[in-house]
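Below you'll find the structure, written out as structure tokens, and then a few comments.
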Amino acid sequence: MTATLVDRQWETARLTEALDRTVHDGTPEVLLLRGEAGVGKSRLLHHFVDLMTERHAEAGLLAGYGQAMMNSLGSDAYQAVRDCLRTLTQRAERTGSRATLARVAESFRLHAPDWIESVPVVGKLLAAGILTGRTLLESGDDAGGAGGADAMDSRLDQLAEVVNGLVEGGPVLLVLDDLHWADTATIDLVMRLALQVRGPLLLVLAYRPDDLQTQENADGHPLRRAVYRLRRYSENCFEIDLERLSRDHTEELVRVAAGGSVLPPGTLERILRESDGNPLFAESLLRVGDGARRERRPESMPRQIKAILEERLSYLSAADQRLLEAAALIGYSFEVDYLAALVRMDVDDVYERLDVLLNEFGLVRPDDPRGARDRYAVHHPLLAEVLRERGAANAPRWQRMHARLLEALDREGEWDDELWVRAVAVAVGAGRADRARELALEAARRQFQLGAVSKARELAQVAAEGAVPASRRAAFRLLAECMSVEGDHRGAAAACAEAMRAVAEHAEPAEVPAVTADSRFAVGLLWARSLRMTNDWSRCRDLLAELEAGCADAGPADVLAQVRMLEAELALCGPAQDTDECVRLCSLVYDMTSDPELQARALGHRGLAYLAGYDAESAEMWLNRAIEVARRKRHPYAEYEAVHWLSKKTIACLELDRAADLLRRLTRMSQASGVASDSPFHLRDSSRVLALQRDFAGAAAAFARYFEIGPGHWLDRATTTLACQVHELEVLYGRGAADALTEELLRAADRETTDGDRRTLLKERIGGLAGRGTGWHPVETSVSLLAAHPDEAAAADAIFRFDIADIAALRARIPRPRDGGPGAN
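Residues are numbered in this note's numbering as their position in the sequence shown, beginning at 1, plus a constant of 14.
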């Protein structure tokens, strides 16, 4: 059955207008296309890409289409983006234009040598670009004359820079479909492209909104937070809702799909009634014909579609059903030779059956090849889901099929990142637990290097379960690193403890020195930092003492510098504050290391120590030096941290206009480099500054946005921050000002918060503050009235005070303007 596109003129026109603006004006735009399963998003987008490739050929438009696969263990990071770049390079190859090919090759050569294996391209010119890029990477020449191999961007940055490089040469259209199944790393990359690229890029993002509401993740689906951020931070972000077809257009679709065949009496009316305007459902009902006369009224449309797809499959022979089940085991998109190996058929016979399934049943379609391997795709992701469920029902056969696929993968030779992840899922399905753990450890390392932290954590958990001692040690170490990056410091500390237990309990005497050098320092430092972030001061101090003793014997200098840095942080932030000791240790650290992040951290904490000691002038000098070092070393995160520390000083000293300028600068830095995008401290602190400037509506809006987009494990801290902010206003301006903020917050929760769960929680926390009494303390109130965890509440309070024991004493030393208002500068 040939894919049929009816209606959709308005949607096509909106998409076309957006791309025309991008091509003619050179401005980036983002289009969000939303619609339920089966409503025709993919069909519309394929049609749009084909139409625009021809329409803007003279302008040199490069167009790619990528589709996220079902989110599972076998779904690797950046898969949708890589597929999009694959189709883009294949379309560039088909143009036959040397200029177009050179544009693609140059972008890969300069920006993404690490991704060549994962984004295979063809053609002699592109192959030359590949070799040049790889040679540059291996030689340490970054093609820019400075920095060498160490200056090479991270692999996530490389993908973003590829798109920047392509845009520099002309317009680019990137279509990413089914993003409700995309991994967190893919969504992070998409956000980076949407907010950073400045040039003729149209980014079309399609997803099912219903699938974002049904996720079990306590933090919410990452795409939900990304959509909220796009609405607020992208000037050219537009949304299109793809509705069901009208009755007339559904009838047109059915008649065209029938190919002129005469429909039996009543069939058309039944299809119109039961499909209710869903194109996939209408075509499926047409396929199953009169055998589907019975009424269906399940709870949801996708489930109803699944019922029709099940019946549609029943018209196939048993052999073809098993063939499709095997194809779905490989993936929504599957390699033909893998399928032949699974079903033990000659590959030519498999091609023949696929041709029948394509032309007579419309259940598969040709897909872009992966390198030299031909691929097909199942007609629709929901059909692939049905097929996998059917195959898994016969557990012994399903396990044997996974074992065969694992053998086929083993014969492939060298694997790219994508195949490493797929192999883990296949080994799990084959019941090969030992092999799965072995593969998962390497796959997790690769995903972590890509910046796909959530996928790396998932794989590291597989590797850690029941592993042999050496693998268990490495798996828990990697798991701890993932959790630390995600801000789950309690989980990271527990994983570090498991890794160290493996070192202590299972290391043979002969390997103890090697184990110590490899694991104890790296894991111990991570463990100590996790303990410091969870306010477990006693254990943190003991662990640092052990690490320091080990460094005296065999530790590298940088390890000792990191130990000293943590000791300095404990001196400043711990229960017994010693600012002089913090200054002394920070001075030592700066002289011990050449690491720009560590140097900037030492200078910054030295400045904060002076601030805690009520010496604002010295604090200013050292905080500015931290910014200078980070900027000179071109370290985006270190610079963000350093500017953040200076903004702390300006807030503490009530330099509010200057603080607002610094926070705007932090916002721009975050949008440009992606740092602190999941937990934007600048948004949190902007709310505080606006409230101190008596802009309660602006403060409430900023806090509502912060509360919504922050990860779940920060909610208790966010709650305590709110209590601290209300308390600060009450101390400075009186209870009336604090009440004005909470009233604005209730309005902002309805106006600014689009996530229903977060809106309800925020309103509950605001309502809890109404029960505060006189002489109340924000930490005690957060714990007793707002259900915050005591440790998280204490940490949030320390952050709010900037570790200044008596912030009122600091402010008392600052000359006030004549009107006495802290907001006047």
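We treat Cβ as the ideally placed atom computed from N, Cα and C, and that holds for glycine.
| Query | Result |
| --- | --- |
| Test item: CB-CB of Gly405 and Ala342 under 8 Å | yes |
| Per DSSP, cross-strand counterpart(s) of Tyr346 | Partner(s): none; Tyr346 has no beta bridge. |
| Reduced DSSP category for Asp191 - H, G, I as helix; E, B as strand; rest coil | strand |
| For Val176, the residue or residues it bridges with in DSSP | Val176 is not bridged to any residue. |
| Buried versus exposed call for Glu744 [16 or more other C-beta atoms within 10 Å across all chains shown] | buried |
| Simplified DSSP state of Leu76, which is helix, strand or coil | strand |
| In chain order, each alpha helix (DSSP H) run of at least 4 residues that lies wholly inside the segment 20-81 | 23-39, 55-69 |
| Residue from Leu170, Pro42, Val218 whose Cα sits closest to the Cα of Ala91 | Leu170 |
| N- and C-terminal bounds of the beta strand (DSSP E) containing Val378 | 378-384 |
| Helix, strand or coil at Asp753 according to DSSP, with G and I counted as helix | helix |
| Collapsed DSSP secondary structure at Leu824 in the structure displayed | helix |
| Pairwise C-alpha distance: Ala458 and Ala477 | 8 Å |
| Cβ neighbour criterion (16 or more within 10 Å) applied to Trp659 | buried |
| Segment limits, beta strand (DSSP E) that includes Tyr784 | Here the sequence assigns Ala to residue 784, which means Tyr is not the residue at that position. Here Ala784 belongs to no beta strand (DSSP E), and DSSP marks it neither H nor E. |
| Whole-angstrom C-beta distance between Ala559 and Ala614, which should lie under 8 Å | Not a contact, Cβ separation roughly 26 Å. |
| Option in Val577, Ala823, Met547, Gly712 with minimal Cα separation from Ile813 | Met547 |
| Other residues of its chain near Ala516: CB distance less than 6 Å, five sequence neighbours each side excluded | Pro483, Arg486, Arg487 |
| Coarse secondary structure for Phe721, derived from DSSP in three states | helix |
| Boundaries (first-last residue) of the alpha helix (DSSP H) holding Leu207 | 198-210 |
| Bridge partners - Phe252, DSSP secondary structure assignment | Leu45 |
| Arg682 burial status per 10 Å Cβ neighbour count (16 or more: buried) | exposed |
| Cβ neighbour criterion (16 or more within 10 Å) applied to Ala106 | buried |
| CB of Ser468 within 8 Å of CB of Asp197, strictly | yes |
| First and last residue of the uninterrupted beta strand (DSSP E) at Asp388 | 387-392 |
| Pairwise C-alpha distance: Ile285 and Thr264 | 9 Å |
| For Gln707, the nearest candidate out of Leu226, Cys98, Leu755 (CA to CA) | Leu755 |
| Anticipated Cβ contact below 8 Å, Leu188 with Leu226, distance rounded | With a Cβ gap of about 21 Å, Leu188 and Leu226 do not count as contacting. |
| Short Cβ contact (8 Å threshold) for Ala711 with Gly724 | no |
| The segment 797-808 in contact with the segment 773-783 per 3-pair CB rule at 8 Å | yes |
| Through-space distance from Ser56 to Lys662, alpha-carbon basis | 48 Å |
| Cα-Cα separation between Ala77 and Val703, rounded to whole angstroms | 44 Å |
| Nearest-angstrom beta carbon gap, Tyr79 and Asp202 [assumed within contact, 8 Å] | The pair is not a contact, with the Cβ atoms about 20 Å apart (cut-off 8 Å). |
| Through-space distance from Arg336 to Gly385, alpha-carbon basis | 26 Å |
| Per-residue burial, Gln739 [other beta carbons within 10 Å of its own, 16 or more giving buried] | buried |
| Spatial distance of Leu857 from Ile322 (CA atoms) | In this structure the chain extends from 15 to 839, so residue 857 is not present and cannot be described. |
| Top-ranked residue by Cα proximity to Val643, from Pro610, Asp817, Glu43 | Pro610 |
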